[in-house]
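Report on the following structure.
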Amino acid sequence: MTETTSSERLPIELRTEALEQLLTERGLVDPAVMDKFIQMYETAVGPMNGAKVIAKAWTDPEYRERLLSEGTAAIAELGFKGSQGEHIVVIENTANTHNVVVCTLCSCYPWPVLGLPPSWYKDPAYRARMVREPRTVLAEMGLELPADTEIVVRDSSSEVRWLVLPERPAGTEDMSEEQLAGLVTRDAMMGVAKVSAP
Amino acid sequence: MTASAPLEIAGPAAPPRSNGELVFAEPWESRAFGLAVTLYDAGAFEWSQFQAALIAQIAAWERAHPAGECFSYYGCWLAALESVLAEAGMITSHDIADRAAVLAARPPGHDHDH
Chain A
1 MTETTSSERL
11 PIELRTEALE
21 QLLTERGLVD
31 PAVMDKFIQM
41 YETAVGPMNG
51 AKVIAKAWTD
61 PEYRERLLSE
71 GTAAIAELGF
81 KGSQGEHIVV
91 IENTANTHNV
101 VVCTLCSCYP
111 WPVLGLPPSW
121 YKDPAYRARM
131 VREPRTVLAE
141 MGLELPADTE
151 IVVRDSSSEV
161 RWLVLPERPA
171 GTEDMSEEQL
181 AGLVTRDAMM
191 GVAKVSAP
Chain B
1 MTASAPLEIA
11 GPAAPPRSNG
21 ELVFAEPWES
31 RAFGLAVTLY
41 DAGAFEWSQF
51 QAALIAQIAA
61 WERAHPAGEC
71 FSYYGCWLAA
81 LESVLAEAGM
91 ITSHDIADRA
101 AVLAARPPGH
111 DHDH
């Protein structure tokens with residue numbers, strides 16, 4: 001067992017189980033509703049949703065305009081809405097400007113389009129270092145950017161949840177929207193990677 | 001936790017992964033997540049209250065930075081949930097500790113349901 005504060009001497013899985021039992025017994029949590037939520041975020045909600053949004057923006061100029069001006073509303077057009085989907089602002093990566101997303105205070109993240117955040121996004125080192133030395137951190141994550149590319153670090157919060165519209169890779173002109181969606185990764189929509197042609 | 005069936009890594013029964021990573025690293029993380037989302041959905045608290053508590057827990061961990069202890073996001077998440085529930089007078093950390101102690105006293109093998 002790890003070193004914990006005095007009120008948390010018991011293993012955390014037992015504290016969690018205890019809390020769930022108490023809340024269920026007191027009628028404050030309906031286990032069926034809870035299971036439904038967990039299953040939803042484990043299976044139905046994830047980066048494949050965001051990938052559809054990006055692919056549509058790449059192939060439909062009018063949708064792209066709407067997405068860049070009213071992120072949450074444009075995303076809801078495709079049926080993706082819900083908790084943590086409010087105030088999504090979509091920002092475009094170009095050949096000259098690269099946006100990368102962080103949440104310095106906690107882990108604000110657009111759940112309806114990306115699902116729950118990966119561990120690196122929640123990690124204290126990522127949250128602190130991406131602000132101070134984004135070029136170095138991106139290189140460590142496998143994304144070497146040219147020296148003349150401007151990097152803009154976008155700090156998500158409950159007021160603004162950023163989503164990156166990555167550059168459409170060259171050589172994908174003949175691909176369908178569905179095929180394009182298959183290329184878009186979570187990391188590209190957070191700005192820690194680029195989308196590559198197949 | 002000892003012997004368990006190997007995880008199927010492909011096919012319809014495979015656990016969900018986002019870019020190769022499980023959504024929840026351990027089962028208790030999914031329960032802690034589900035409790036907060038379900039309580040919020042039922043109107044037990046405002047999400048902003050929970051988020052403020054989560055920010056405070058993460059900041060406290062970062063200030064203290066216990067030597068050798070890895071950062072646990074869902075550990076902070078659970079502590080935030082406990083503090084919001086205590087503040088709302090719904091459940092105290094004492095209640096939780098008492099029940100956890102009861103659970104800890106169960107004989108080994110009690111939860112072999114799979």
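For the protein sequence lines, the chains are A and B, in the order given. For reference, each letter of the first sequence is one residue, going 1 to 198 in the numbering used here. For reference, each letter of the second sequence is one residue, going 1 to 114 in the numbering used here. Heads up, the beta-carbon is just placed ideally off N, CA and C, and yes, glycines get one too.
Annotation: the continuous alpha helix (DSSP H) that includes A:Arg132 extends over Pro124 to Arg132.
In the three-state reduction of the DSSP assignment, A:Ile151 falls in the strand class, which pools E and B. Using a Cβ distance threshold of 7 Å, A:Asn93 and A:Arg154 do not count as a contacting pair. Contact between A:Val45 and A:Val89 does not hold, since the beta-carbon distance rounds to 19 Å and is not under 8 Å. Runs of the alpha helix (DSSP H) lying entirely within the stretch 53-86 of chain A, each at least 4 residues long, are 61-69 and 71-77 in chain order. Legend: CB atoms of the stretch 31-58 of chain B lying less than 8 Å from CB atoms of chain A belong to residues Arg31, Ala32, Phe33, Gly34, Leu35, Val37, Thr38, Leu39, Tyr40, Asp41, Ala42, Ala44, Trp47, Ser48, Gln51, Leu54, Ile55 and Ile58. Listed in chain order, the non-local C-beta contacts of B:Leu85 below 6 Å within the same chain comprise Ile91, local neighbours out to five positions each way being set aside. At a C-beta separation below 7 Å, A:Thr16 has these neighbours in chain B: Trp28, Arg31, Ala32 and Leu78. Membership of A:Ile38 in any beta strand (DSSP E) is not indicated; the residue belongs instead to the alpha helix (DSSP H) covering Pro31 to Gln39.
At a C-beta separation below 9 Å, A:Asp123 has these neighbours in chain B: Phe71 and Tyr73.
The residue from B:Trp28, B:Glu62 and B:Glu82 with its alpha-carbon nearest to that of B:Ala44 is B:Glu82. At a cut-off of 7 Å between C-beta atoms, A:Cys106 counts as an interface residue with respect to chain B. In terms of Cβ geometry, A:Arg127 and A:Val164 do not form a close pair [threshold 7 Å].
For A:Ser158, at least one C-beta of chain B is nearer than 7 Å to its own C-beta. When the five nearest sequence neighbours on each side are left out, the beta carbons in the same chain lying within less than 7 Å of the beta carbon of A:Met189 are those of Pro47, Gly50, Ile54, Leu114, Leu163, Val164 and Pro166, in order along the chain. Chain B has a Cβ within less than 7 Å of the Cβ of A:Glu13. The bridge partners DSSP lists for A:Leu163 are A:Val90.
Under the 7 Å criterion on CB atoms, A:Glu140 is classed as non-interfacial with respect to chain B. With fewer than 16 other Cβ atoms from the protein chains shown falling within 10 Å of its own Cβ, A:Gly142 counts as exposed. Within its own chain, the residues whose Cβ lies closer than 6 Å to the Cβ of A:Ala197, once the five positions on either side in sequence are excluded, are Pro169, Gly171 and Thr172, listed in chain order. Taking C-alpha positions only, A:Ile12 is separated from B:Phe24 by approximately 15 Å.
Using a CB distance below 7 Å, the part of the stretch 84-103 of chain B facing chain A consists of Met90, Ile91, Ser93, Asp95, Ile96, Ala97, Arg99, Ala100, Ala101 and Leu103, ordered along the chain.
Ranked by Cα distance from A:Val152, the options A:Glu140, A:Thr43, A:Val131 and A:Leu22 are led by A:Val131.
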